[in-house]
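Undergrad: As you go down the protein sequences, you meet chains E and U in turn. Note that this note's numbering has the first sequence beginning at 52, numbered continuously upward. Note that this note's numbering has the second sequence beginning at 117, numbered continuously upward.
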Amino acid sequence: MNRRRLRALLTKEMWQVLRDPSTLIIAFVLPPILLLLLARAVSLDVEEVPMGLVQEGDGAHTRSLAAAYRASPWLEVTAARHRWELERDLVNGRLMVLVVIPADFDARLNSPQGGARVQIISDGSEPNSANFGTSYARGVFNNWLAQQPGNHVLPMFELQPRFWFNPELESRRVLVSGSIALVMTIIGTLLTAMVIAREWERGTMEALLATSTSTAEILLSKLLPYFCLAILAVLGCTFMAEVVYGTPLRGSLAVLLLISTAFLAAALGQGLLISTLSRNQFHAAELAVMTGFLPALILSGFVFEIQSMPEPVQWLTQLVPARYLVSSLQTVYLVGDVWADLWPNLLAMLLLGGLLFALTFAFSRGRLD
Amino acid sequence: MLGSLGHAMAREFIALMRDPGSRRILLAAPVFQLVVFSYAATMEIHNADLGVINADGGRWSRELLQRLEAASFVESLVPVASTAQLDELIERRQILLAVHFPADFSRRIEAGQPGQLQMIVDGRRANAGQVAFSYIRTIAADLQMELAETRTDIRPPPQVVVRHRFNPNLQYRRFILPAMVATLAMLPTMLISSLSIARDRELGTFEQLLVSPLTSLQIIFGKLLPAVFSGLFSSLLILTLVVFAFQVPMTGNLLLLFTSLVVFVFAVAGIGLAVSACCSTQQQALLGMFALVVPMMLTSGFLTPVDNMPDYMRYLAQMNPLKHILVIVLGSFLKSMSAMEILANLWPMLVISLGTLGGAVLIVRHRVG
Chain E
52 MNRRRLRALL TKEMWQVLRD PSTLIIAFVL PPILLLLLAR AVSLDVEEVP
102 MGLVQEGDGA HTRSLAAAYR ASPWLEVTAA RHRWELERDL VNGRLMVLVV
152 IPADFDARLN SPQGGARVQI ISDGSEPNSA NFGTSYARGV FNNWLAQQPG
202 NHVLPMFELQ PRFWFNPELE SRRVLVSGSI ALVMTIIGTL LTAMVIAREW
252 ERGTMEALLA TSTSTAEILL SKLLPYFCLA ILAVLGCTFM AEVVYGTPLR
302 GSLAVLLLIS TAFLAAALGQ GLLISTLSRN QFHAAELAVM TGFLPALILS
352 GFVFEIQSMP EPVQWLTQLV PARYLVSSLQ TVYLVGDVWA DLWPNLLAML
402 LLGGLLFALT FAFSRGRLD
Chain U
117 MLGSLGHAMA REFIALMRDP GSRRILLAAP VFQLVVFSYA ATMEIHNADL
167 GVINADGGRW SRELLQRLEA ASFVESLVPV ASTAQLDELI ERRQILLAVH
217 FPADFSRRIE AGQPGQLQMI VDGRRANAGQ VAFSYIRTIA ADLQMELAET
267 RTDIRPPPQV VVRHRFNPNL QYRRFILPAM VATLAMLPTM LISSLSIARD
317 RELGTFEQLL VSPLTSLQII FGKLLPAVFS GLFSSLLILT LVVFAFQVPM
367 TGNLLLLFTS LVVFVFAVAG IGLAVSACCS TQQQALLGMF ALVVPMMLTS
417 GFLTPVDNMP DYMRYLAQMN PLKHILVIVL GSFLKSMSAM EILANLWPML
467 VISLGTLGGA VLIVRHRVG
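Next up, the structure:
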């Protein structure tokens, strides 16, 4: 490999990157925006559940229970006297949960027959929110019940959850790792695939191949700048996460860079393979989105838990490099340098990278059209 | 004018469909994505491995453990002998959470005090942990309710009756599959529309379009319609699969849903075209599209509920056509949404499509080449 030629090619690539604002925007502007969105906007924690409270009667117990609901910080209560007033809001999505305290609530509480009932009606069309909303509404009721005098049965079980590594349960700590994975996929796979495909589309790749540079030099000059850009983006994300959002890296920076490098080996390999298979940008973009970006979003464990997926799909996720990245990033951010957890992930990413590069080599033999 | 428009459209269609690889992707991708992602995307917990530290061994811990083992979401219960083993199991992700019964658990319950059950959860998988926690809480509550009903010495205690409307068993598939109808249609539409004008600019054929007798409006419409047809094709294909293959019942009006999908696709294509009109290369257009698509998906309610977002984000979400179509699609499938409600969510998308298309026309007119 001729170093002078390589340096010349790298300089050319660097100028191309610097002259195109879109590349720099993706590397330096999109990550902060993504982090902002993931830290502030997107929350898997359900906080203020919009709840409708229907208070059909006026008894003391009814009023006391209604007050308990209104006082809950987890619920945003809209009150009404009749069911029909709020049912429409359940349909149009303005309310997540409806709690109905029937007219006979007090009567039944005071009578020896008992059997007082409170109805909780949820909007089942968003099952995750419905689950949480119902859970909160149930919780408020149970707490209220425990405080009532009389021979009510105390709750038998007191459940005390403790969330290791993430005691305040801030989902942003976990989402930081996801956003890094997305950004690295966009730069490493999508951008790389498009850049090389563009050279094929414009015919400049043929010109390059006709010169005395070797294929290896050309490829290295294309992959190296985007590798560096991706690493810079990771460092930027880490810095932002720590300084602006207060989610410090619990592991070491060196390990973070090692994980990033291993992932980029696979991501760049994928970008390269895509650009070899599809010699025009549109096609490359489609493939990169379908096989790179969407799996990184949906199959990586970032939003949806891999273990909950059916077995065949779990096997499929083993082919997605982003899965190993998300897992190792979560560990490095929230726990530390736990090698027992990190080694298998690193190995998997490197293996996938090797496989993708080998496939690229196999497909590009003797094809110059 | 219509004759020229027909020619413009024909040109775009031929350019789109000429590449066989492109055709294959456009046809096969939505089906593949629907199948894989709908199985992958779940907020439910399945196949969970739970650790068990049972210092009690008494009647109530055994009873609860029996129920946990039988629970559908639990794959296995792993006995944990020491704190060191607990550390290892959680760090290596071999268990999602561990339940800890202290030595006085059953004794306390016999004495009428709540037994304290500690749960140690892997905070890296916070959302999964919370969902699992809510399942365990339901199991404990059900146990208590069963016991209370068999006791004759006290009157029936007040209870909560939960009903999930629109989706009685809270099946996550009934949420994710309709949502996919819109989301998977958005991607090809945006991809095609955002690359359209930029590709012509990059290849130099845009100037040819400008010197032809076509007006800017015709050019824009010519570029718009292939994107719209592709999006509609995808969404109808997925809609058919969801209704017939996955058998998600449709309770609303199909015609209204179809009309809403048409408006949605126009709005999304309009956004893509506006992006394309500002860009001179395909790479810029693609990255611009990404910079919009990722936030659009995150703020639409597809991955996380809109209710969880801070107020200013909710206002931004109003400009996101995906948010509005999701309300309509879910409403049509699960809630028999009325025409009035649908219209309320339809007009923002109409405004978006007119705004973006108007903007695209203006930009094309003012930017020559």
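In this text, a Cβ means the ideal position worked out from N, Cα and C, and glycines have one as well.
Is any non-hydrogen atom of the ligand SAM found closer than 7 Å to the C-beta of TYR431 of chain U, if you look at the structure I gave you?
TA: Of ligands this structure carries none, so the ligand SAM is not represented either.
Undergrad: Any beta-carbon of chain E closer than 8 Å to the one on PRO218 of chain U?
TA: In the second sequence, residue 218 of chain U corresponds to position 102, counting from 1. No, PRO218 of chain U does not count as interfacial toward chain E.
Undergrad: Below 8 Å on the Cβ atoms is my guess for LEU193 of chain U versus GLU204 of chain U; work out the distance and round it to an integer in Å.
TA: As a working mapping, residue 193 of chain U is identified with position 77 in the second sequence. As a working mapping, residue 204 of chain U is identified with position 88 in the second sequence. That pair is no contact at about 17 Å.
Undergrad: Quick check: the Cα distance between ASP140 of chain E and LEU149 of chain E, rounded to an integer number of angstroms?
TA: Position 89 of the first sequence, counted from the start, is the residue given in the question as residue 140 of chain E. Position 98 of the first sequence, counted from the start, is the residue given in the question as residue 149 of chain E. Distance between the alpha carbons of ASP140 of chain E and LEU149 of chain E: 9 Å.
Undergrad: If you follow the beta strand (DSSP E) that ILE237 of chain E is in, where does it begin and where does it stop?
TA: Locating residue 237 of chain E in the first sequence gives position 186, counting from the first residue. Unbroken run through ILE237 of chain E: none, as it is neither H nor E.
Undergrad: Could you name the residues of the region 291-322 of chain U whose beta carbon sits closer than 7 Å to any beta carbon of chain E, in the order they occur along the chain?
TA: Answer in chain order: PHE291, LEU303, LEU307, LEU311 and ARG315.
Undergrad: Below 9 Å on C-beta distance, what does LEU446 of chain U contact in chain E?
TA: Translated into the one-based positions of the second sequence, residue 446 of chain U becomes position 330. Here the neighbours are GLY144, SER176 and GLU177.
Undergrad: Tell me where the beta strand (DSSP E) around SER173 of chain E begins and ends.
TA: For the purposes of this step, residue 173 of chain E is taken as residue 122 along the first sequence, with counting starting at 1. Looking at the DSSP string, the run of the beta strand (DSSP E) that includes SER173 of chain E is 168-174.
Undergrad: If we ignore side chains and look at the alpha-carbon of each, how far apart do PHE362 of chain U and GLN321 of chain E end up?
TA: On the second sequence, residue 362 of chain U is found 246 positions in, with the first residue counted as 1. On the first sequence, residue 321 of chain E is found 270 positions in, with the first residue counted as 1. PHE362 of chain U and GLN321 of chain E: Cα-Cα distance of roughly 32 Å.
Undergrad: Check the Cβ-Cβ distances between LEU419 of chain U and every residue of chain E, and say whether any is below 8 Å.
TA: Reading the second sequence from its first residue, position 303 is the one you call residue 419 of chain U. Yes, contact with chain E.
Undergrad: Pull up the DSSP beta-bridge partners for ALA131 of chain E, would you.
TA: Within the first sequence, numbered from 1, the residue matching residue 131 of chain E stands at position 80. DSSP lists E:VAL105 as partners of ALA131 of chain E.
Undergrad: Closer than 9 Å by beta-carbon distance: list the chain U residues that pair up with ASP71 of chain E, in chain order.
TA: As a working note, residue 71 of chain E is residue 20 in the first sequence. The answer, in chain order, is THR397, GLN399 and GLN400.
Undergrad: Taking only beta-carbon positions, decide if ASN396 of chain E is within less than 8 Å of chain U.
TA: In the first sequence, residue 396 of chain E corresponds to position 345, counting from 1. Cβ-Cβ to chain U under 8 Å: no for ASN396 of chain E.
Undergrad: Using DSSP bridges, identify the partner residues of PRO212 of chain E.
TA: Looking up residue 212 of chain E in the first sequence gives position 161. Looking at the DSSP assignment, PRO212 of chain E forms a beta bridge with U:MET235.
Undergrad: Flag this pair as yes or no: are the beta carbons of LEU60 of chain E and ILE269 of chain E separated by less than 8 Å?
TA: Mapped onto the first sequence, residue 60 of chain E falls at position 9. Mapped onto the first sequence, residue 269 of chain E falls at position 218. A contact, by the Cβ cut-off of 8 Å.
Undergrad: Can you find a CB in chain U that lies within less than 8 Å of the CB of PHE355 of chain E?
TA: As a first step, residue 355 of chain E must be located in the first sequence, where it is residue number 304. Yes, contact with chain U.
Undergrad: Mind checking who GLN287 of chain U pairs with in its DSSP beta bridge?
TA: Sequence index remark: in the second sequence, residue 287 of chain U carries index 171 (1-based). DSSP output for GLN287 of chain U lists no bridge partner at all.
Undergrad: For a contact defined as C-beta to C-beta under 8 Å, what are the partners of SER250 of chain U on chain E?
TA: Translated into positions along the second sequence, residue 250 of chain U becomes position 134. What SER250 of chain U touches in chain E: ASN182, PHE183 and SER186.
Undergrad: Report the partner residues of ASP316 of chain U according to the DSSP bridge assignment.
TA: Position 200 of the second sequence holds residue 316 of chain U. None, per the DSSP bridge assignment.
Undergrad: For ILE161 of chain U and ALA244 of chain U, which I take to be in contact (beta-carbon distance under 8 Å), what is that distance rounded to the nearest angstrom?
TA: Walking along the second sequence from the start, residue 161 of chain U turns up at place 45. Walking along the second sequence from the start, residue 244 of chain U turns up at place 128. With 8 Å as the limit, ILE161 of chain U and ALA244 of chain U qualify as a contact, their Cβ atoms being about 6 Å apart.
Undergrad: Which chain U residues sit within Cβ distance under 7 Å of LEU385 of chain E?
TA: Position 334 of the first sequence holds residue 385 of chain E. GLY239 and ARG240, listed in chain order.
Undergrad: Taking 8 Å as the CB-CB limit, is VAL277 of chain U close to chain C?
TA: Checking the listed chains, one finds no chain C in this structure; the protein chains it contains are E and U.
Undergrad: Please name the residue in U:ILE387, U:ILE141 and U:MET435 whose C-alpha comes closest to that of VAL340 of chain E.
TA: Counting from one through the first sequence, the residue named residue 340 of chain E turns up at place 289. Selected option, being the one with the closest Cα: U:ILE141.
Undergrad: In the region 364-383 of chain E, which residues sit with their C-beta less than 9 Å from some C-beta in chain U, listed in chain order?
TA: For the region 364-383 of chain E, which is checked against every Cβ of chain U, the residues closer than 9 Å are VAL364, GLN365, LEU367, THR368, SER378, GLN381 and THR382.
Undergrad: Count the other CB atoms, across all protein chains shown, that sit within 10 Å of the CB of TYR187 of chain E; report buried if there are 16 or more and exposed otherwise.
TA: Residue mapping note: residue 187 of chain E aligns to position 136 of the first sequence, counting from 1. Its Cβ being crowded by 16 or more others within 10 Å, TYR187 of chain E is buried.
Undergrad: Please tell me whether ILE441 of chain U and MET456 of chain U are closer than 8 Å, where the distance is taken between their beta carbons.
TA: The residue you call residue 441 of chain U lines up with position 325 of the second sequence. The residue you call residue 456 of chain U lines up with position 340 of the second sequence. Contact flag unset, no.
Undergrad: Are the C-beta of PRO212 of chain E and some C-beta of chain U separated by less than 8 Å?
TA: Position 161 of the first sequence, counting from 1, holds the residue named residue 212 of chain E. For PRO212 of chain E, the answer is yes, since a Cβ of chain U falls inside 8 Å of its Cβ.
Undergrad: Starting from the C-beta of TYR296 of chain E, find all residues in its chain whose C-beta is less than 8 Å away, skip the five residues before and the five after it, and write them out in chain order.
TA: Position 245 of the first sequence, counted from the start, is the residue given in the question as residue 296 of chain E. LEU86, ALA90, ARG223 and VAL227.
Undergrad: In chain order, what residues of the same chain lie with their CB nearer than 8 Å to the CB of MET235 of chain U, ignoring the 5 residues before and after it?
TA: Counting from 1 along the second sequence, the entry for residue 235 of chain U is found at position 119. The answer, listed in chain order, is LEU213, ALA214, VAL215, HIS216, PHE249 and ILE252.
Undergrad: Under 7 Å Cβ-Cβ, which residues of chain E neighbour VAL152 of chain U?
TA: Along the second sequence, read from residue 1 onward, the residue named residue 152 of chain U stands at position 36. Correct list: VAL364 and LEU367.
Undergrad: For the region 149-183 of chain U, enumerate the residues whose C-beta is nearer than 9 Å to any C-beta of chain E, in chain order.
TA: Hits within the stretch, in order: GLN149, VAL152, PHE153, TYR155, ALA156, ALA157, THR158, MET159, GLU160, ILE161, HIS162, ASN163, ALA164, ASP165, TRP176 and LEU180.
Undergrad: Whose Cβ in chain E lies nearer than 8 Å to the Cβ of ALA393 of chain U?
TA: Here residue 393 of chain U refers to the residue found at position 277 of the second sequence. Correct list: empty, because the minimum Cβ distance to chain E is about 15 Å.
Undergrad: Below 7 Å on C-beta distance, what does GLY474 of chain U contact in chain E?
TA: Translated into the one-based positions of the second sequence, residue 474 of chain U becomes position 358. Those do not exist, as GLY474 of chain U stays about 24 Å from chain E at its closest Cβ, beyond 7 Å.
Undergrad: Looking at the secondary structure, which residues open and close the alpha helix (DSSP H) in which LEU380 of chain E lies?
TA: One-based indexing of the first sequence puts residue 380 of chain E at position 329. Residues 372-385.
Undergrad: If you run the structure through DSSP and keep just helix, strand and coil, what is PRO195 of chain U?
TA: Walking along the second sequence from the start, residue 195 of chain U turns up at place 79. Strand at PRO195 of chain U.
Undergrad: What does PHE435 of chain E reach in chain U if we use C-beta pairs closer than 8 Å?
TA: Given a span of 52 to 420 for chain E in the structure shown, any question on residue 435 of chain E remains unanswerable.
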